[in-house]
Structure formats: structure tokens, C-alpha cells
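What follows is a single structure, written as C-alpha cells, with notes after it.
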Amino acid sequence: MRENLHRFFRAARGAGVHVSPAESIDAMRAVAQVGISDRAVLRDALLLTLAKSQDEKLALGDCFDLFFSQPEPRQDQPEAANEHDAAQSDDQPPSSGSAGEAGEGQPPQALGPLAQMLLSQDRNAIAAAIASASGAASLSDIRYSTQRGIFSSRILDAMGLQRLRDDLDRLTATNPPLAERLRAALDALREAVRDTVSQGLALYAREEAENLRNEILRNAPLARIERRQVAEMRALIRQIARRLRERYSKPRKRQRRGHLDVRRTLRRNAAWGGVPFLTAWKRKHRDRPKIVALCDVSGSVAQVSDFFLLLIHSLHEVVDDVRSFAFSSHLIEVSEILEAKSPEEAMSEIMSKVGFGSSDYGSSLVDFEKEFMSTLTPQTTVIVLGDARSNNLDPRADILRRISERSKRLVWLNPEGRLAWGFGDSEMPRYATFCSVVRQCATAQQLERAVSDIVATYQ
Amino acid sequence: MADQKASTSIEAVESGLAAQGYIASRQIATAVYLSQQIEKPILVEGPAGVGKTELAKAIAAWRGLKMIRLQCYEGLDEAKALYEWKYAKQLLYTQILKDKLGEVLGGAQTLHAALDQLHDFGDVFFSKEFVEPRPLLQALGQPGGCVLLIDEIDKSDAEFESLLLEILSDFQVTIPELGTVSAIAPPTVILTSNSERDLGDALKRRCLHLHIGFPEQRLEERIVESRVPGISQTLRRQMVGFIHEIRSLDLKKLPSVSETIDWARVLVLLQASELDTDIVKDTLNVLLKYEADIEAATPQVTTFIAKAARSNVFG
Chain A
1 MRENLHRFFR AARGAGVHVS PAESIDAMRA VAQVGISDRA VLRDALLLTL
51 AKSQDEKLAL GDCFDLFFSQ PEPRQDQPEA ANEHDAAQSD DQPPSSGSAG
101 EAGEGQPPQA LGPLAQMLLS QDRNAIAAAI ASASGAASLS DIRYSTQRGI
151 FSSRILDAMG LQRLRDDLDR LTATNPPLAE RLRAALDALR EAVRDTVSQG
201 LALYAREEAE NLRNEILRNA PLARIERRQV AEMRALIRQI ARRLRERYSK
251 PRKRQRRGHL DVRRTLRRNA AWGGVPFLTA WKRKHRDRPK IVALCDVSGS
301 VAQVSDFFLL LIHSLHEVVD DVRSFAFSSH LIEVSEILEA KSPEEAMSEI
351 MSKVGFGSSD YGSSLVDFEK EFMSTLTPQT TVIVLGDARS NNLDPRADIL
401 RRISERSKRL VWLNPEGRLA WGFGDSEMPR YATFCSVVRQ CATAQQLERA
451 VSDIVATYQ
Chain B
1 MADQKASTSI EAVESGLAAQ GYIASRQIAT AVYLSQQIEK PILVEGPAGV
51 GKTELAKAIA AWRGLKMIRL QCYEGLDEAK ALYEWKYAKQ LLYTQILKDK
101 LGEVLGGAQT LHAALDQLHD FGDVFFSKEF VEPRPLLQAL GQPGGCVLLI
151 DEIDKSDAEF ESLLLEILSD FQVTIPELGT VSAIAPPTVI LTSNSERDLG
201 DALKRRCLHL HIGFPEQRLE ERIVESRVPG ISQTLRRQMV GFIHEIRSLD
251 LKKLPSVSET IDWARVLVLL QASELDTDIV KDTLNVLLKY EADIEAATPQ
301 VTTFIAKAAR SNVFG
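So the protein sequences, as listed, match chains A and B. Residues in the first sequence are numbered from 1 upward in steps of one, following the UniProt record's numbering. Residues in the second sequence are numbered from 1 upward in steps of one, following the UniProt record's numbering.
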């Protein structure tokens with residue numbers, strides 16, 4: 001049982017439940033207390049000790065059901081095959097009854113253990129053999145779906161496929177009907193093993209596969225994400241946002257000890273006649289983050305801006321003072337939309353208001369200067385997200401210069417690679433001179449780094 | 001053998017709690033049983049009013065233990081949760097003992113000698129007599145054990161969580177001046193949380209995690225039966241069915257078990273024999289606590305009553 005529990009813990013980790021050694025010890029102790037006879041109680045006990053949130057409980061519950069339901073499908077498969085078999089052998093007697101009879105009687109002596117097992121149709125024995133063979137083939141190490149074949153053949157080998165083949169060859173010569181039965185049983189066995197491996201894959205490989213997929217996704221260019229990946233990408237961006245929030249949302253108490261604030265100390269201790277019972281220390285002044293984000297939502301960057309907006313949305317949760325603007329041919333403020341609505345709703349509303357137009361950086365900057373220039377203070381970081389492709393219209397870089405002069409930093413995040421800057425209608429080089437930082441920002445990972453750096457400067 | 005014992009013990013927990021008027025689901029009973037056996041705190045999460053706090057009370061009543069409750073709030077610190085020195089008493093005693101001190105120290109010739117003598121009984125004022133035990137320390141000091149309820153842990157600061165870790169894992173506290181205080185008998189610790197913020201992994205790891213959601217219809221009927229004995233069976237079924245319909249709506253605050261019980265009491269008080277549109281509309285404010293919710297639910301009342309009545313026929 002201990003072996004099984006360990007495999008279950010591994011499966012649980014695969015399902016995304018964090019099972020630390022301490023928790024597995026707790027679970028062991030709990031199982032020792034409640035025993036394993038009552039499945040529902042066992043399930044409750046494991047759920048109580050291992051899962052630490054509602055999501056984890058659901059995942060672990062599914063994992064438990066999958067894990068401990070293993071024996072059933074295995075029993076079904078051979079059974080179906082055997083019934084099929086039985087039907088066949090029922091058909092056979094009239095034609096070759098005596099041969100069949102003789103075959104039934106003989107096998108125990110002449111055949112290998114696996115062949116005997118298959119012919120005797122002992123489902124429990126077969127199931128147990130598959131289980132022990134998958135243990136021998138260390139099925140729990142399976143990671144990728146491409147390994148399915150190799151694990152299947154390993155399990156079959158461990159069960160003694162070689163001997164079975166020999167038996168089969170011999171029987172084909174001596175006892176064709178029995179060989180036929182054995183062959184059918186072997187096919188059923190193969191199927192059962194394949195199912196076992198698929199289940200193993202579902203149990204043990206989920207986390208690994210997911211990690212790999214996420215890793216690929218993190219480094220995939222946002223602009224070229226396929227439709228089916230969009231939902232996963234959204235989830236990934238949300239994860240990034242959560243990480244940023246966890247890292248930066250807590251105001252860290254950082255008192256700088258060592259420098260006595262004489263004035264405040266004297267004032268505080270006036271009641272004791274100036275004897276300094278309580279000391280006051282100088283504190284390092286920290287700017288409160290102030291961010292102004294300008295996001296291009298024009299057709300050329302439409303797909304990327306989706307993710308930009310998602311990230312800005314999460315920025316609203318991390319930083320108190322964020323004002324966000326979206327533009328294509330003109331510029332509007334979208335802070336309220338982003339704050340009041342869910343990401344999906346907010347995005348579709350913003351897109352319907354200003355999205356998908358042809359971009360005009362010049363007039364958008366004019367809009368910004370006219371209405372919102374006063375929002376910039378010397379503490380503000382301005383983030384511009386866009387490809388700087390202005391359709392050969394006047395880029396109005398002079399306004400960007402004024403923005404840069406009024407703010408603490410001006411960060412430009414461009415989804416295009418450096419090579420493309422300056423070619424065609426890209427005004428990037430002209431804008432870049434006024435920016436404190438210009439970064440390429442094409443993948444989720446780059447996006448995370450860029451935003452993380454911006455927020456970190458205020459810590 | 002052990003299995004047999006376990007399942008009967010879990011049933012014993014269930015019936016023990018039931019005797020105190022707390023109808024526990026099997027999961028809850030398993031959690032309580034396990035927490036006793038492997039001496040781990042239970043962290044109970046779930047929406048407001050499903051009986052998280054009530055569980056601790058029921059356990060205390062069932063096992064005849066004292067319940068010590070620590071209500072968490074923002075800014076709760078160790079002086080209020082763990083212990084505090086009785087400053088006033090210390091000051092008073094130094095004043096009273098002033099002469100005595102003078103006498104004792106009078107013999108010393110030099111300042112150094114006086115200091116040495118003072119050192120000999122220097123810890124007099126930092127001894128157990130001057131410690132004011134707060135709930136956590138009180139819980140450790142109960143000779144027969146107790147039920148320690150740390151209510152709404154999610155309302156406290158993250159720092160306070162870390163303070164709890166030592167108590168939760170080893171049932172001991174370290175007071176710098178006194179050393180480590182261990183529990184005489186390990187208390188049964190119940191922590192409750194409304195999930196207002198995510199708790200730290202370190203805290204979660206030390207606890208059994210129990211989530212109490214809204215109960216199933218049968219269970220809720222049994223809860224009402226035990227809490228409001230005067231209610232007739234048909235009305236009970238109807239009202240619980242109605243509440244389950246209400247919970248399917250998208251509301252700001254869904255009615256939970258405590259509201260069900262309140263409503264049952266109200267209906268008994270109004271001597272209703274079965275649900276009808278008028279009485280439901282008049283008493284909807286017992287169930288729903290927001291004006292917007294009441295407005296959203298009112299048009300559905302008639303349909304829900306019909307549905308609840310229909311399900312009765314088969315249930």
C-alpha cells in the first residue's frame with residue numbers, strides 16, 4: 001500500500017497539487033489512522049491532508065478517482081476480448097471439436113505462464129500481471145505522449161511476450177484453433193496495456209507536458225499565436241500578472257536604521273524632559289508608483305495589444321496610481337473601463353471604441369498633450385506599447401520629447417524586433433532618442449521582464 | 001481491525017457533534033477525527049455562515065472542553081494574541097519593594113557589588129507572575145486541553161500568520177524572557193477563514209484543510225430539523241428546496257445555512273404551514289442582505305416555490 005500511496009503522491013503532483021514531503025508524511029499518518037477499507041473515507045483523508053485549496057481539492061479528487069479506478073478498465077478489456085473469444089470457440093466445436101478439446105486440456109504443461117494466463121481467462125491475474133509489469137517498466141516515469149510506444153513494449157516484454165510468441169509459433173503448427181484464440185487474446189492484451197499506458201500518461205505526465213507547453217508559449221511571439229492557444233496564453237498572462245502582484249503589491253516596511261532623526265526624536269521625547277526613551281529614525285523616501293500607459297490598439301498590433309491590455313489590467317491591481325490610454329487614430333482614456341470590468345469585457349469594449357483603426361501616432365500624441373499632459377509628474381513612468389508604425393504621417397516626436405521631459409522615465413515596448421525598426425513606416429529610431437528605455441517586447445517572457453523592471457524601480 | 005475502529009470512530013464523531021445540534025457531513029467528521037488522531041489543526045474555509053465557527057463550539061461542547069476564542073482583525077499583534085507583561089504591576093511592585101531593595105543593596109560597598117547583588121534576583125520582575133496570558137498562551141496552559149478557535153485568520157496581517165506557526169506545529173511558544181512554554185495537553189485548534197486573502201503556504205502546510213460549502217438538500221434539512229424542531233416536515237422541505245433554487249441565482253451574497261435557520265425560525269414564528277408567494281416576499285429580507293439581491297430574486301419567487309413544491313413529490 002505504501003508503494004501505491006507514493007505513486008499516488010506522484011500522480012497528485014502531476015495533477016498540479018503541491019505535495020511536499022511533510023504533507024506526504026501527514027497523509028501516510030492519516031491513512032494509517034483511517035485505514036484503506038472505506039474508499040470514501042480514504043478519499044476524504046487524502047483530500048484533507050494533501051490539498052490546500054478548493055482548486056487543489058477538485059484536481060486531487062479527479063486524480064484520486066482516476067488513480068484508483070485503474071483496475072476496472074483493465075478488467076473490461078480482456079473480458080470483452082474473451083467473450084468474443086468464447087463466441088468463437090462456441091462456433092468452432094462442430095468443425096474441429098476434438099482438436100479444441102485436446103487443446104484445452106493440454107496447454108498447462110506445454111505453454112509459458114503468460115499464454116496459460118491468457119487462455120485460462122483469469123482476468124484478475126492478468127490485471128495483476130499488467131500492474132506488476134508496469135511497475136517493473138517504471139511506468140510512473142512516463143513524461144511525453146511520444147513515449148507511449150516504448151512503455152507499452154516494455155510492459156509487454158516484462159510480462160513475457162517473447163515466450164508467448166514462441167508458444168504462438170509452435171501452436172500455429174500443432175494446434176491452429178488454439179493459436180487463433182491465443183492470438184485474439186494477445187490482441188486484447190495489447191489493447192489493455194495500451195490503455196494502461198495512456199492512463200499512466202494522464203496521471204504522471206500532465207505537469208511535465210504542461211510545463212513544456214507553457215515554456216514554449218512563453219517564448220512564442222505574441223503576434224503569431226494560434227487561435228487555439230489564445231486561451232492558454234491568456235491564462236499564462238494572468239499567471240504573470242499574479243506573480244507581479246504577489247511580488248510588488250505588498251508595501252515592504254523598510255526602515256533605514258542607523259540615521260537618527262534628531263528633530264523627531266526630541267519632539268517625541270519632550271514628555272520625559274528630553275531624555276530619549278523613544279528614538280526616531282530617518283526613513284528613506286520612496287516614490288509611490290505612478291504609471292501612465294499608452295497602448296496602441298490599431299490593426300497592425302491588434303493581437304499583441306490584446307495581451308498588453310490584459311497586462312495593463314493587472315497592473316491596475318498592483319499599482320494604485322495607473323492611468324491607461326488606448327489609441328489607434330485617436331486616443332482615449334481607458335482607466336475606468338479597465339478598473340470596473342473583467343478583462344474580457346474591458347478588452348472588447350476598448351477594441352470596439354478605438355481598436356483596429358489605422359494607427360496615427362502623431363494625432364494620438366496631440367490628443368494626449370491636449371488633454372492629459374497634466375497627469376504627468378516628475379514621479380511618473382510612461383509606458384508606450386506599440387510598433388511605432390505611423391503610416392507615414394507626421395510622427396510628432398516633439399510631443400514625445402515634452403512627455404519625456406515632464407516624466408521620470410519613458411519606456412517604449414515594441415513588439416517588433418530591432419531589425420525592423422526604422423524600415424518602412426516605422427518611426428522607432430526617431431522616437432527612441434527621447435525614451436529612457438526601449439525594449440523589444442514580443443513574447444510573454446519579455447513582457448513580464450519589462451513590466452517587472454518598471455514596477456521594481458519604485459520598490 | 002484498525003479500519004473498523006476508524007470508521008466507527010468517525011461515526012462516533014458524527015453522532016457526538018449531532019448531539020450538540022451540529023449536523024456534520026462525513027467529510028467534516030473525518031477531519032475532526034483525523035485532527036485528533038494526528039494532532040493537527042484544522043483550517044476551515046468556506047463562505048460566511050456555513051457553520052465554521054459553530055463547528056469549534058460543537059467540538060468543545062461535545063468533548064466537554066473549554067473553548068478559547070481568538071478573533072483576528074487587522075493589526076492584531078502578539079501583545080494581544082500571545083502574552084503581555086503586566087507593566088503596571090511591575091511598576092507598582094518596584095515602588096512597594098523600594099525599601100526592601102534599599103535594604104538588600106544597602107550592604108554593598110561599591111556600585112559593582114550592588115549590581116552583582118541585583119543580578120542575583122534580577123529576573124524577579126520578569127517571571128510568570130507578571131505575564132498576562134492572552135488567548136494563545138491561555139490555550140497552552142489548560143491542563144485538560146481545550147478547543148482553540150482562531151477565527152477569521154484571513155483578516156489578520158501576514159506577520160501574524162508567522163507568529164502562529166510555532167504554536168500550530170509544535171504547540172509551544174517561545175517567550176524571550178521565560179523560555180519555551182509547551183502545551184500541557186495539546187489543544188484542538190480550529191482556524192477559520194473566509195478566503196479574503198490567500199493564506200501563506202507555511203500556514204496551510206501545518207493544517208488539515210477542510211472546505212465547508214453549502215450543504216446538500218438532505219443535509220440542510222437535517223440541520224434545520226435539529227436547530228428548529230418546531231417546523232413541519234413539508235414546510236422544511238419546501239423552504240430548503242426554495243433556498244437551493246435561490247442559490248442558483250447570481251447574487252452578491254448567497255443565503256447560507258445560518259440564513260436558512262433564521263428563515264425557518266421566522267416562518268415558524270409567523271405560523272406558516274407552507275410557502276406561498278406573499279409570505280416569501282415579505283420575509284425575503286431575512287434571506288438576502290442586499291437590496292439588489294432582493295430585487296433580482298423577487299420576480300423568480302413564484303417559479304421557485306413551484307419548483308420546490310414539485311421536487312417535494314419525488315423527494
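Each residue gets a CB set at the ideal place from its N, CA and C atoms; glycine is no exception.
Which residues DSSP lists as bridging B/Y83, in chain order: B/P133
Is the segment 257-277 of chain B touching the segment 221-228 of chain B in the sense that three or more CB pairs, one from each, lie closer than 8 Å? yes
Taking 7 Å as the threshold (C-beta atoms), are B/I167 and B/A42 in contact? Before going further, note that residue 42 of chain B is Ile rather than Ala in the sequence given. Cβ atoms of B/I42 and B/I167: not closer than 7 Å.
Just the chain A side, please: which residues come within less than 8 Å of B/R247 by C-beta, in chain order? In chain order: nothing, as chain A lies at least about 17 Å away.
Residue-level contact to chain A via CB, B/Q138, 7 Å cutoff: The beta-carbon of B/Q138 is placed no less than 7 Å from the nearest beta-carbon of chain A.
Got a sec: is the Cβ-Cβ distance from A/A27 to anything in chain B below 7 Å? no
Assuming B/A296 and B/L275 are in contact, meaning their beta carbons sit under 8 Å apart, how far apart are those beta carbons, in whole angstroms? Actually they do not touch by this definition, with Cβ atoms about 19 Å apart.
Going along the segment 40-53 of chain A in order, which residues come within less than 9 Å of chain B, judged by CB to CB distance? Considering only beta carbons, the part of the segment 40-53 of chain A lying closer than 9 Å to chain B consists of A40, V41, D44, A45, L47, L48, T49, L50, A51, K52, S53, in chain order.
Coil, strand or helix - A/P71 by DSSP: At A/P71, the pLDDT of 49 sits below 50, so the modelled position is not reliable; the number obtained from the coordinates is stated separately. Helix at A/P71.
As an exercise, report each continuous beta strand (DSSP E) stretch of at least 3 residues that is fully enclosed by the segment 365-437 of chain A, in chain order. 380-385, 409-414
In whole angstroms, give me the CA-to-CA distance for A/K290 and A/Q379. 6 Å
Check whether A/D167 and A/L236 have beta carbons under 7 Å apart: At least 7 Å separates the beta-carbon of A/D167 from that of A/L236.
Leaving out the 5 sequence neighbours to the left and right, which residues in its chain are closer than 7 Å to A/S363 when beta-carbon positions are compared? S329, H330
DSSP state of A/K290, grouped into three classes? strand
Is A/A30 close to chain B, meaning its C-beta is less than 7 Å from at least one C-beta of that chain? With 7 Å as the cut-off, A/A30 counts as an interface residue toward chain B.
Under 9 Å between beta-carbons, which chain B residues line up against A/E23? List them in chain order, please. R205
If the cut is a Cβ gap below 7 Å, which residues of chain A does B/L244 touch? Before going further, note that residue 244 of chain B is His rather than Leu in the sequence given. What B/H244 touches in chain A: nothing, since even the nearest Cβ is about 20 Å away.
Own chain residues within Cβ distance below 6 Å of A/F368, not counting five before or after: L331
To the nearest angstrom, report how far apart A/D44 and B/Q271 are at their CA atoms. 41 Å
Give every residue of the same chain whose Cβ lies closer than 7 Å to the Cβ of A/E104, excluding the five residues on either side of it in the sequence, and list them in chain order. Residue placement at A/E104 cannot be trusted, given a pLDDT of 43 that sits under 50; what the coordinates show is reported in the next sentence. Short of 7 Å from the beta carbon of A/E104, and not among the five residues preceding or following it, lies no beta carbon of its own chain.
How about A/Q440: is its C-beta nearer than 7 Å to some C-beta of chain B? no
Between which two residues does the alpha helix (DSSP H) harbouring A/M159 extend? 148-159
Contacting residues, own chain, Cβ-Cβ under 7 Å from B/V301 (five flanking each side not counted): Excluding its 5 nearest sequence neighbours in each direction, B/V301 has C-beta neighbours in its own chain below 7 Å: T277, V280, K281, listed in chain order.
Any chance you could list the beta strand (DSSP E) runs of at least 3 consecutive residues sitting entirely within the segment 188-224 of chain B, in chain order? 188-193, 208-211
Three-way DSSP call (helix, strand, coil) for B/F304 in this model: B/F304: helix per DSSP, three-state reduction.
Note down, in chain order, each residue of its chain lying with its Cβ closer than 6 Å to the Cβ of B/I150, except the 5 sequence neighbours on either side. L70, L191
Mind pulling the chain B residues with CB within less than 7 Å of A/S20? R205
Out of B/G49, B/V50, B/V44, B/A60, which one is the CA nearest neighbour of A/Q54? Selection B/G49, B/V50, B/V44, B/A60 evaluated against A/Q54 yields B/V44 as nearest (Cα-Cα).
Length-filtered (4 minimum) alpha helix (DSSP H) runs lying within the segment 162-197 of chain A: With a minimum length of 4 residues, there is no unbroken run of alpha helix (DSSP H) contained wholly in the segment 162-197 of chain A.
Starting from the N-terminal side, write out each stretch of the beta strand (DSSP E) that is 3 residues or longer and does not extend beyond the segment 24-64 of chain A. none
Which residue spans inside the segment 234-262 of chain B form an unbroken alpha helix (DSSP H) run of at least 4? none
Tell me where the beta strand (DSSP E) around B/G179 begins and ends. 179-182
Could you have a look at A/D296 and say whether DSSP puts it in helix, strand or coil? strand
Interface residues of the segment 162-189 of chain B facing chain A [CB-CB below 7 Å]: none
Taking the alpha-carbon positions, what's the B/L65 to B/R236 distance? 33 Å
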